[in-house]
Each structure stands twice: as C-alpha cells, then as structure tokens.
Amino acid sequence: MNRPRQAIWTTQTTEVVKTGSWRAALPEYVNAPAPCHNACPVDGNIAVWIRHIENQAYDDAWLTLIDNNPFPAVTGRICHRPCEGPCNRGRLDESIAIRSLERFVGDMALEQGWPFPGTPVSKAETIAIVGGGPAGLAAAYHLRRMGYAVTLIEAQQELGGVMRYGIPPYRLPKDILDAEIQRILSLGVDVRTNTRISTRADFENLQSEFAAVYIATGATVPKRLPQLDYSKSWVIESAAYLEQTNAGRHPESGTRIVVIGGGSAAMDVARTARRHGKEVTVLSLEAESVMPAQRDEVLEAKDEGITLISGAMLQSVSDRAQHDLELACIRVEFEAGAVPGEFWVTPVPESEFTVDADTIVPAIGQDPDVTGLQDLMEVEAALVRIDGQQQTSLGGFFAGGDLVTMQRFVTVAFGFGKQAAVEIDRYLQSGTPARDRPAQPEVSIDVINTDYHPRADRAKQQLVPAPERQISFDEVVLALPIAAVLAESQRCFNCGHCTFCDNCFYFCPDMAINREHGGYSVNDDYCKGCGLCVRECPTGSIVMRQETR
Amino acid sequence: MNQSSKKMLLTGNHAVAWGARLARPKFMACYPITPQTPILEKLTEFQMAGELDAEILTPESEHSAMAACISASMTGVRVFTATSCQGLLLMHEVLHYASGVRAPIVMCNVNRTVASPWAFWPDQTDSVSQRDTGWIQLYSESGQESLDTVIQAFKIAEQVVCPVLVNQDAFYISHALEPVDVPAQETVDRYLPPFQPEHVLDPERGESIGNVVSPEMFCQHRKDIGQAMQLAIAVAQECDSEWERLVGRGYGIIDPYCCDDAELVIVTMGSMCGTVRHTVDEMRSRGRAVGLLKVRLFRPLPVEALRDALAGIPDVLVLDRNFSPGTGGVLHQELKGALYGMADAPHMHGYLAGVGGVNVPPRKIEEFVDQVHRSKPAIHSVWSG
Amino acid sequence: MELLDIEDQHLFYSGHAACPGCVEALAMRHILNTLGPDTVAVVPPSCTAIICGAQPCNSLKIPVYQTTLESSAAAASGVRRALDAQGKHHTTVIVMAGDGGTYDIGFQALSSAVERNEDMIYFCFDNEGYMNTGAQKSSATPLYASTGSTPAGKPSKKKDLTEIMAAHEIPYAATATPAHLTDLVRKVKKAKSIPGARMITVLIPCLPGWGLPDDAGIAAARLAVDTGMFPLYEVEDGQRYTLNQTTRTRPVRDYLMMQKRYGHLTAEQFDEVQATVDRSWARLVERSAAAH
C-alpha cells in the first residue's frame with residue numbers, strides 16, 4: 001500500500017533567506033577619537049592606556065603613554081588637565097581622574113626602572129635644540145626616537161626649564177624630574193649646559209653645524225607692572241624668588257608678603273613663601289573662579305593659610321617706612337579676551353581699600369627674550385611667528401613652547417616639542433606629506449550607552465594635611481592606592497575603543513555579529529540594519545553607515 | 001475462528017472502550033459529556049487496573065482534548081478519544097486541524113442532539129455537520145459493530161494517514177446492553193501492527209510541522225488529502241474484509257439487505273438500520289418488495305458503490321435522523337448528488353425521521369413505505385416525525 | 001561593567017523574518033541556546049510562529065509544532081504525554097506563545113495544564129498586545145496604552161499573569177526581559193531543573209506596536225524594569241517570592257514617554273500609573289521580604 005504523500009513537514013533552515021537585503025544601513029566597527037585624546041596637547045591615546053591599566057597591563061600602559069609623552073610622572077603631577085573637562089564620563093557623574101592615573105603609571109615606571117626602548121642613530125642629520133625646558137626636552141626625545149642625533153643646548157646649569165626653576169618641589173619633587181630627564185638623556189643626547197645662545201651671531205653659527213635648529217628658549221623676561229618701582233628692595237620678582245628657593249636660599253624679605261598675580265606662578269611663589277613662614281596675601285586681577293591657576297592649586301593655597309583677594313588691582317604703593325608698605329588697591333571687573341593673554345579691566349567705583357605688607361612679589365607672567373632673534377626672523381607681539389609646520393620665517397629654524405605662544409602650560413610645550421620633531425623630520429626628508437587619516441568624529445556622550453557604566457565616585461588623591469604642608473617642601477598630593485587606580489580605570493568609558501565586551505554579539509537578534517580573533521565582523525548576508533549593536537555599545541565603537549545600492 | 005475471544009454483556013459505550021483498549025493506544029485525551037462518559041470511565045478503569053498502558057489526559061474542554069490528541073499523534077503515538085454533540089462541535093476548528101496535519105486519530109462520537117435547545121436524544125446532526133472536516137466517518141448499528149469498527153478504524157487511519165470518526169447513536173447503541181464478542185488481544189495485535197508514522201516530532205529527527213505555506217503548497221496539500229480520501233474507500237473495504245477473515249464478522253462499507261428485486265430501498269445510517277432491517281423482514285414476509293441499504297462509510301461517500309447498489313431500483317427512501325436548516329436531511333442531499341446523472345436513477349424520497357430523537361418504530365417505517373407509494377417524489381426532505 | 005557569558009549552542013538560525021531589532025527573536029535565541037537540543041517546542045499563531053519561518057524552512061534547530069491559538073498548553077500536554085509514553089522523559093517540552101495566546105484565548109487551556117502540573121516550561125513573550133495581527137489590545141495591554149482596537153488608550157489595567165500562576169501554586173513562575181540576559185539565562189536553567197509546570201513571562205517591547213525605533217528594544221526593556229513597571233521576580237510554589245532587583249531608579253514617566261503608544265497621556269494619567277506601580281512594588285517588596 002503506497003503511503004499518501006505528506007509535503008508539510010519542514011526540510012531545511014531559514015538560512016537560505018538572506019535577510020541582509022532588507023537593510024538600508026550596515027554597522028561598522030571604528031576607532032574613533034575620545035574627547036580626552038582630542039583635547040590632549042600631546043595627542044595622548046588616553047582611552048587606550050587607561051584600558052591597559054584596567055587590564056593590569058601596566059607596562060603596556062606605559063608604552064602607550066611614552067609614545068607621545070616622555071614625562072608621565074611630571075605631567076601626572078602638574079598637567080593642567082585639558083582632557084578632564086571634555087571627558088564624557090563627566091556628563092554622567094564625574095570625569096575620570098586621568099592625571100592621577102597617569103601619575104600612577106609614571107611613578108611605577110620609575111620604581112621599576114623601565115627604560116625607553118633604545119633607538120640607534122640611523123639618520124645622517126644632527127639637530128640642535130636651543131633650550132632644555134619642556135619643549136626642548138620633548139623635541140630631543142622624539143627626534144632621538146626617529147633616529148636623529150640631537151644636541152641639547154641649555155643656558156642654565158641644569159636641564160628642566162620651568163619644571164625645575166619655576167615649579168616648586170612640593171608640586172614636582174626634584175628626584176622625579178631628574179629621573180625622567182635622565183631617562184631621555186640615556187637614549188644618547190649630546191648636552192651642553194651653561195651655554196647661552198642669545199645673539200644673532202650665536203644663532204647663525206648653529207646653521208653651519210646642524211641640519212636644523214629648534215629654538216625653545218621659553219619666556220624668561222618678567223612682565224612689569226607700571227605702578228611698581230622695581231628698583232626698590234621690597235620688590236622681588238617671582239622668578240627670582242623661586243630660583244633662590246630652588247638654589248637652597250631663603251630670599252630676603254619681610255614677614256608680610258603680597259603676591260600679585262592669578263596664575264600658577266603666583267600660586268607657586270605664594271605657597272613657597274608660606275613655607276618660609278611668611279604671612280602671604282595674593283592679589284589677583286581675575287575673580288577667583290576664572291583665575292588662570294589650576295583650581296586645586298588655589299584651594300590648596302587657601303588651605304595653607306594664604307589670603308586671597310581676587311578681582312582687585314594695585315593702584316599705588318606708599319612706602320611708610322622700610323618694609324612697611326601700604327598698598328592702595330581697588331576692586332575691578334575682569335574680562336578675558338578670546339586670545340590668550342588678552343583682557344580688559346574695569347575698576348569698580350568707590351571700592352578702594354588698602355593692604356599692609358613688607359614685600360611685594362609680582363607674578364604677572366613673562367615674555368620671551370627675542371633680542372637675538374628679532375633681526376633673524378619675524379617676531380610679533382614679543383612672540384616668534386611660526387607657520388603650520390612649526391617653522392620660523394628663517395629656513396631651517398623651528399620654534400615652539402612659550403617662545404611662540406601665550407598658552408603657558410608645560411604639557412602644551414611637550415606637544416610643541418613632539419610636533420616639531422615630526423615637522424623637522426619631514427623638512428629633512430624632503431617633505432613627504434603626511435598621510436591624512438580619515439577623521440572619525442569625536443565620540444560624544446550620545447553614543448555611549450551609559451546603562452553599562454554603573455555610577456561610581458571619582459577617585460580622589462589624598463593631600464598631606466595643611467598644617468604639615470606649611471612647614472615642608474615635601475610632595476603635597478599623595479599617590480592613589482592601587483585599588484583606587486583600578487577602580488578609577490574601570491570608570492573610563494574607553495570612548496571609541498572597543499573593549500570586547502561582546503554586547504554586540506549577544507544582542508543581535510539575527511546572529512549577524514561574529515566573534516573573531518581580535519574583534520568582530522558583521523555578517524552582511526543577514527544583518528537587517530536595526531542598529532541594536534550600535535545602541536548597546538558601551539564605548540561608541542560602532543557606527544551605522546548608510547548603504548547605497 | 002478466534003483464539004480465546006470472550007462473550008460479554010456490554011453497552012455500546014463499553015464495547016467501544018474494549019475496542020479502543022485492544023488497539024493499544026498510548027494516549028487519550030477526553031472530556032466527559034453525556035452520553036459518552038462511560039467510555040472515558042471504562043478506559044480509566046482499565047488504566048488503573050494496569051490493563052491499559054496509556055497516558056490519559058483530562059483537560060478542561062474538548063477543544064483542548066483534541067488539540068492534545070493531535071500533538072500527541074504528531075509525537076508518534078497511537079491516539080484515541082471520544083465525545084458527543086457539543087463536544088464535537090467545540091472541536092470543530094481542531095477537527096480541520098487534525099485532518100490538515102494528517103493525524104491518524106480515531107475518535108468515537110456518540111450522536112446526540114445539538115443545542116440549542118438542550119436535549120440528550122439520538123440525532124446525527126452533530127457528526128454529519130462535520131462532514132467537510134476531512135475525517136473519515138463510519139456509522140455503527142450495534143455495540144458489536146462499534147467494537148469491531150473502532151479496531152478497523154485504526155488500521156484505516158494509519159494506512160491512509162487520515163483521522164477517523166466512528167459514530168454510534170445515543171442510548172439506542174451507547175447505553176443498550178447486548179452480548180458482544182470481545183476478541184483476544186493476540187487477534188487484534190495480528191490485525192493491527194504497531195504505529196510507525198513516517199514523520200514524527202523528535203529532537204533527533206529535527207522535523208517541524210505547521211509552518212505557513214504558500215498558496216501552491218496549500219492547494220497541493222488539499223489534493224494530497226483528497227487522494228487519501230479516495231483511497232480510503234478501498235482501504236476501508238479491505239480492512240473490513242481482513243477483519244472478517246480473522247473474526248468472522250464483516251460489515252462492508254455499504255450493506256445492501258434484500259435489495260435484489262426490491263421496488264423500494266430504504267437508505268439510512270446508524271441505529272435506524274436495525275429498525276429498518278426488522279421492518280424489511282416483516283414486510284417481505286407479507287410480500288412487499290422492500291430492501292435496506294445501510295450506509296456505513298459516510299465519508300468518503302462511496303459514490304460508485306451507491307450507484308451500483310441502487311441502479312435499477314425504482315424508488316429510494318432516505319431516512320435522515322438529522323436536519324440541516326435550509327437543506328433538510330443530509331444523507332438525502334448527499335445521495336441525490338451521488339446518483340445524479342445515472343441513466344437508471346431511482347426516484348428519490350427523503351424523510352426527516354427521528355430528528356431530535358423522536359422514536360421511529362417499525363410501524364412508522366411501514367407507514368413511510370406506504371406514503372412513498374402514494375406520493376410523487378419531492379425534491380425537498382419531508383418531515384415525517 | 002558586567003560582561004555577558006552565555007553558551008551558544010547554535011539552535012537558532014539567521015534568515016528568520018522577525019522585524020529588524022526584534023528582541024523577541026533575541027529572547028528566543030538565548031532561551032533555545034540555554035535549553036539545548038533535546039527540546040520540542042509548541043508555538044501558536046504569533047510573532048514567534050512567523051519567526052519560525054515559512055514552509056519548508058525552520059529557524060529553530062529543534063522540532064516545532066505549530067498549533068491553534070487557543071491550545072498551546074493543551075498541545076504541549078499532548079506532546080509531553082506522548083514523549084513520556086515512549087520513555088523520553090528527558091526531552092524538555094516548551095511553549096513559546098504570545099500574550100494573546102496566553103492571557104486571552106489561550107488562558108483556559110493554560111490554567112488547566114498548570115492545574116494538572118503538566119511538565120513543561122511555558123514562555124510567554126509578552127509584547128502587550130496582538131502584535132502579529134497589527135497591534136490590537138490584549139488583556140496584557142497596560143492601562144492607557146493606545147492600540148489598534150483602543151486608539152484613545154485602554155481603559156482597563158494589565159492582567160497580572162505571574163500572580164495568577166502564583167495562585168495556581170505552580171512550582172516556578174518568573175518574569176524576565178531580553179535586556180537582562182544573564183538573569184534570563186539563569187531563570188531558564190533554573191526552570192529546566194524543576195519538574196512540573198513552569199512559566200516565564202518575558203517582556204518584549206514591540207517596535208512597531210509600541211512606537212519605538214529599531215534600536216530601542218533593549219533600552220525600553222531595561223527602563224521597564226528600572227521604573228518598576230515590569231519588576232523582575234520569581235515565585236516558587238506560589239509561596240516564596242524573590243525580587244531580583246533591590247530598587248527602582250527611574251520614574252515611570254521616563255519609560256512611558258519613550259513610547260508613542262503613551263504619547264497622549266495627561267499628567268493625571270502619568271500620576272495614576274506611577275501610583276499603581278508604587279502599590280504593586282510595595283506589595284512585591286513585602287512578599288519578598290517575608291520569604292527571605
């Protein structure tokens with residue numbers, strides 16, 4: 001008996017149906033810049049090195065850091081943190097304590113004695129760097145890494161520039177600075193200290209010895225207040241005050257010191273004077289909330305017993321007796337301009353007041369010394385003018401750091417040094433144009449799925465209590481314990497950098513994301529373009545691309 | 001003839017229960033309804049006594065009962081169930097489902113009046129109104145026949161892969177006691193091999209059933225069912241003949257009685273056949289040329305056999321113990337269609353007799369015969385009490 | 001961040017006809033891969049049935065029996081008993097049905113099957129409406145939601161299926177969502193280890209039905225839980241309640257405003273919904289505390 005036919009049982013799977021034909025957009029895995037990266041003056045790959053910390057691969061974190069910055073223990077203490085403001089985590093709760101994490105890696109490298117990977121001299125050219133401060137040292141490092149021979153010429157006894165002679169040791173201990181400088185020198189740098197290059201002839205002579213010259217002589221000429229008589233013994237310029245302190249001497253002054261200025265230099269000299277047991281008042285043009293000094297410096301200064309008078313200016317000084325001064329002051333409204341260094345001040349009528357003091361320390365900023373340069377190259381408003389390739393108007397002469405900009409930050413100077421190395425290299429190798437990387441848009445908080453990032457408090461470095469600080473030049477800010485470092489690194493969104501969490505793989509209803517070695521791929525036979533993978537990505541590493549067919 | 005069959009005094013319902021038990025079903029899902037309940041109760045007794053190795057499911061409704069029967073059948077086990085009137089109607093959706101999915105389920109239906117209004121009397125409207133659902137339908141005239149037909153039904157169902165409905169009238173058959181020959185288990189085992197479906201729900205096989213189909217697939221599937229139904233006529237005959245060889249009892253798919261040289265043949269289904277047979281004997285003994293054509297297989301309707309059996313008969317009287325509003329008697333309507341175009345077609349008379357369970361004694365049937373002689377054939381079914 | 005780590009047994013195939021972004025397909029993927037290959041599924045007319053595919057294809061590796069809309073639990077009982085009759089007690093029988101086939105037309109059969117403590121795991125994919133036929137209301141549709149048959153908003157509350165199952169004292173009843181995959185997988189594994197009638201109601205935000213963009217299914221499910229509108233909890237034997245979340249972190253308004261079907265709500269209606277959620281939550285907290 002023949003069985004009747006039964007054609008209604010299934011015989012195959014739905015895999016024959018290529019649902020990829022439904023979609024209008026396909027997901028693509030991208031590496032996109034995090035806002036911290038874009039804000040970092042040295043182009044630091046912050047999301048990547050923080051991820052290495054999270055994975056407890058501290059040496060990998062260090063290698064990533066030193067790709068752009070040879071001074072992580074320094075920047076981990078004194079960088080002005082332009083990265084932390086735009087940090088996307090700050091849009092959820094608090095930004096990542098990036099500088100604290102950088103310090104952790106920098107300090108570990110010093111403790112463990114990790115050297116820079118060695119680079120032999122592989123290029124014919126030798127480059128002169130005039131100025132052994134942040135920009136010069138950074139340039140030396142990057143040029144050495146590219147295989148150039150470098151000669152570093154420094155007017156002072158020691159290298160370091162503002163890092164040594166400006167920033168006090170309680171912010172940046174000297175042994176840390178020395179170790180990080182020495183590590184660069186160990187790559188093989190010809191150093192000539194106590195050598196001043198200042199005249200036109202000095203600079204012209206360099207041209208014959210070197211294939212290119214990088215000038216990074218900084219800004220060492222103090223600006224002057226017109227209402228102050230600098231010939232008086234009761235006026236000590238801030239740079240001089242700090243230099244004397246760094247050399248181990250107590251500057252001669254009375255008990256009551258008024259520091260004029262609102263920037264880091266003013267905070268440095270005020271807090272140094274406090275450690276000398278002085279009564280210190282700071283008089284700042286800028287209102288407290290917009291003082292150029294870093295906010296934590298201002299708070300630490302106030303904790304140390306410094307009186308801050310902000311939004312006020314000195315009009316005149318009466319010298320009642322030797323070291324018994326009456327400062328006539330007035331409240332002002334301060335308005336900053338668009339260009340760094342530009343500002344307007346409006347005195348507030350009938351707001352005069354007086355302050356008594358023994359010594360005045362003006363700390364209102366410095367200008368570069370361009371006397372030897374202004375005949376050789378274009379100088380504008382006391383700054384050397386450079387083009388987009390860091391080159392001055394004199395061929396073969398490059399410049400950077402405080403010499404060329406009013407952005408007076410150590411990390412900015414490091415960035416200049418790094419960029420100079422790139423440009424000098426391009427200049428010497430006949431200017432092969434840099435390959436333009438197709439730019440991915442910066443990762444915004446909108447593409448981060450914060451549901452995957454539980455709320456957690458930002459790590460806070462502990463401070464030595466203020467009473468102890470006032471009598472010591474030991475470091476004020478203590479390191480984060482390792483548990484706090486790891487916890488903080490976990491708060492990082494890793495914007496634009498995949499962390500292999502597998503969310504995209506698990507959340508695809510069509511199994512159209514494959515896990516592969518080192519990442520993921522999209523199966524375009526079946527992807528319907530729904531975008532769930534993009535939305536559930538905790539790092540913003542996937543974007544939808546419109547498809548045209 | 002039979003090894004150790006035993007004679008028992010059984011009601012029609014209990015005879016059905018015995019037939020089902022002997023067929024060795026592995027799953028039964030039943031919902032009680034008068035007058036079917038003794039079938040369910042007897043089967044449960046058998047199971048509790050360890051005499052029936054089957055899962056018995058008692059869900060909350062007949063719709064669920066049939067739904068469970070179908071899925072169990074698809075999972076590869078032999079399935080039996082029973083119901084009546086309202087229960088059968090409630091199953092209507094899933095009756096279609098069972099035939100559509102090709103589940104070889106055997107169900108006994110006890111023919112009872114359908115509500116509204118409420119009543120408990122014999123009436124075949126419940127099952128004849130399901131004639132389009134794709135179930136093979138057999139009508140039994142006695143408890144013995146019900147037992148034998150239930151066993152045959154499994155063999156037919158599993159060969160053509162269609163569900164089978166075995167019908168017996170309420171109370172006249174279901175509750176009336178008669179001596180019934182209950183065959184031995186070995187006899188039934190010889191007749192009915194273990195159930196081995198070609199397709200089954202099994203994780204090791206991985207096949208699925210019930211997915212949406214295209215119009216062409218659906219049409220082909222209906223043709224396949226139609227083909228199976230066509231085959232069922234011969235298969236039903238064969239199964240009956242084989243059973244007859246084994247136990248000495250056969251019933252045919254239609255059963256002509258005293259039809260040779262009859263001037264009038266009465267055509268009917270179910271318990272009415274018994275009454276008509278008795279009346280035919282009576283009338284023949286008085287010289288009246290009447291006969292009975294029992295329709296046992298109603299679906300598929302054995303059209304060729306009916307045409308052969310009724311060719312040359314001058315008058316045919318269909319007795320319908322059912323009523324379809326707007327049409328009349330269903331067997332009447334079906335037979336008219338079956339005989340249409342015959343060269344020597346009989347005159348067709350259709351009487352609605354016993355609708356609602358109204359008693360139709362032999363005396364009444366004699367009256368019908370006289371009435372037929374006196375009147376011209378009417379197109380429509382005639383109400384005759 | 002909690003990392004997912006779920007076994008993938010490849011029991012669900014690509015090429016299925018779910019809408020782009022459908023999280024019911026996602027739930028099916030992970031449920032099937034957790035249950036394993038020794039499983040038979042019963043599926044009524046529903047989105048699930050469409051996802052299973054059109055003849056001759058199946059998107060599931062396991063056998064699927066598609067039954068009528070009323071009869072999932074009955075058909076599953078039939079499969080279960082037939083397997084048992086063949087000695088295949090190790091094979092898991094599951095139902096994957098929508099809320100229509102569970103709360104409404106399928107409710108009768110469900111109540112009967114669980115009263116009999118039939119050995120099956122019943123997954124209700126609750127997208128709060130008859131979505132497959134174009135988003136008409138079901139008794140699972142929440143108060144005030146706009147649907148094809150209640151365009152001005154449903155005037156009655158959502159039926160509480162888990163509580164009804166608890167009242168039947170079934171061995172295990174739980175809620176889950178596809179946004180909480182680790183929790184869902186844990187509950188599937190737990191259910192599999194318990195004999196008898198087990199029910200897991202999975203909240204499925206329906207993108208066209210609720211008015212959500214293609215990529216919002218997970219976010220919506222997460223918000224449903226975070227607002228307490230769909231709390232994650234388990235009930236064992238109708239007695240022991242376990243609340244799987246300790247807090248609600250968002251007001252219901254955030255969840256409702258995400259969906260077009262609530263776009264017409266007034267401030268009073270938002271407040272009313274919040275109040276009902278607060279009451280239900282308080283009751284759950286009390287019961288969970290009593291059990292632990």
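Residue numbers (the numbering used here), protein chains in the order written: chain A, 1 to 549; chain B, 1 to 385; chain C, 1 to 292.
Yeah, the Cβ is synthetic: ideal placement off N, Cα and C, and Gly gets one too.
As the structure is a prediction and not an experimental result, all values here were calculated from the model.
Consider the Cβ of residue i: report whether some Cβ of chain A lies at a distance smaller than 8 Å.
{"i": "B/Ile266", "result": "no"}
{"i": "C/Leu26", "result": "yes"}
{"i": "B/Val213", "result": "yes"}
{"i": "C/Asp126", "result": "no"}
Got a sec: is the Cβ-Cβ distance from residue i to anything in chain C below 8 Å?
{"i": "B/Val106", "result": "no"}
{"i": "B/His92", "result": "no"}
{"i": "A/His453", "result": "yes"}
{"i": "B/His63", "result": "yes"}
{"i": "A/Asn2", "result": "Confidence at A/Asn2 is low in this model, with a pLDDT of 47, below 50, so the placement of that residue should be treated as unreliable; the coordinate-derived value is given next. No, its Cβ sits nowhere closer than 8 Å to a Cβ of chain C."}
{"i": "B/Ser71", "result": "yes"}
{"i": "A/Glu536", "result": "yes"}
{"i": "B/Leu57", "result": "yes"}
I want to see whether chain B comes within less than 8 Å of residue i, judged by CB atoms only; does it?
{"i": "C/Lys61", "result": "yes"}
{"i": "C/Thr48", "result": "no"}
{"i": "A/Thr19", "result": "no"}
{"i": "A/Trp9", "result": "yes"}
Assuming residue i contacts residue j (C-beta within less than 8 Å), just tell me the rounded distance between them.
{"i": "A/Arg89", "j": "A/Cys492", "result": "7 Å"}
{"i": "B/Cys239", "j": "B/Ile156", "result": "5 Å"}
{"i": "A/Arg256", "j": "A/Asp358", "result": "5 Å"}
{"i": "C/Leu232", "j": "C/Ala176", "result": "7 Å"}
{"i": "C/Val64", "j": "B/Ser208", "result": "4 Å"}
{"i": "B/Phe218", "j": "B/Pro35", "result": "B/Phe218 to B/Pro35, Cβ: 38 Å. No contact."}
Who pairs with residue i in a beta bridge, going by DSSP?
{"i": "A/Ala459", "result": "Its beta-bridge partners do not exist; DSSP assigns none."}
{"i": "A/Leu566", "result": "Outside the displayed span of chain A (1 to 549) sits residue 566 of chain A, for which this structure offers no information."}
{"i": "B/Ile33", "result": "DSSP output for B/Ile33 lists no bridge partner at all."}
{"i": "B/Asp181", "result": "B/Lys7"}
Going by alpha carbons, who is nearest to residue i out of the options?
{"i": "B/Gly248", "options": "B/Phe218, B/Glu145, B/Pro346", "result": "B/Glu145"}
{"i": "A/Val361", "options": "A/Leu228, A/Tyr526, A/Gln389, A/Asp446", "result": "A/Leu228"}
{"i": "A/Gln294", "options": "A/Arg200, A/Gly263, A/Ala321", "result": "A/Gly263"}
{"i": "B/Ser84", "options": "B/Ala68, B/His63, B/Ile70", "result": "B/His63"}
{"i": "B/Arg131", "options": "B/Ser116, B/Leu297, B/Ile365, B/Pro193", "result": "B/Leu297"}
{"i": "B/Gln237", "options": "B/His221, B/Arg222, B/Asp255", "result": "B/Asp255"}
{"i": "C/Ala97", "options": "C/Ser112, C/Glu115, C/Glu118, C/Ile50", "result": "C/Ile50"}
{"i": "B/Val94", "options": "C/Ser72, C/Tyr103, C/Ala85, C/Thr92", "result": "C/Ser72"}
{"i": "B/Gly354", "options": "B/Gly270, B/His380, B/Asp370", "result": "B/Gly270"}
{"i": "A/Tyr427", "options": "A/Gln390, A/Phe116, A/Ala456, A/Asn31", "result": "A/Gln390"}
Is residue j closer than 8 Å to residue i when the C-beta atoms are compared?
{"i": "B/Trp243", "j": "B/Gly250", "result": "yes"}
{"i": "A/Val150", "j": "A/Ile127", "result": "yes"}
{"i": "C/Phe125", "j": "C/Thr48", "result": "yes"}
{"i": "A/Gly417", "j": "A/Gly400", "result": "yes"}
{"i": "C/Val79", "j": "B/Ala72", "result": "yes"}
{"i": "B/Ala153", "j": "B/Val161", "result": "no"}
{"i": "A/Cys527", "j": "A/Asp502", "result": "no"}
{"i": "A/Glu180", "j": "A/Ala73", "result": "yes"}
{"i": "C/Glu115", "j": "C/Ser77", "result": "no"}
{"i": "A/Ala312", "j": "A/Ile330", "result": "yes"}
{"i": "C/Lys187", "j": "C/Glu128", "result": "no"}
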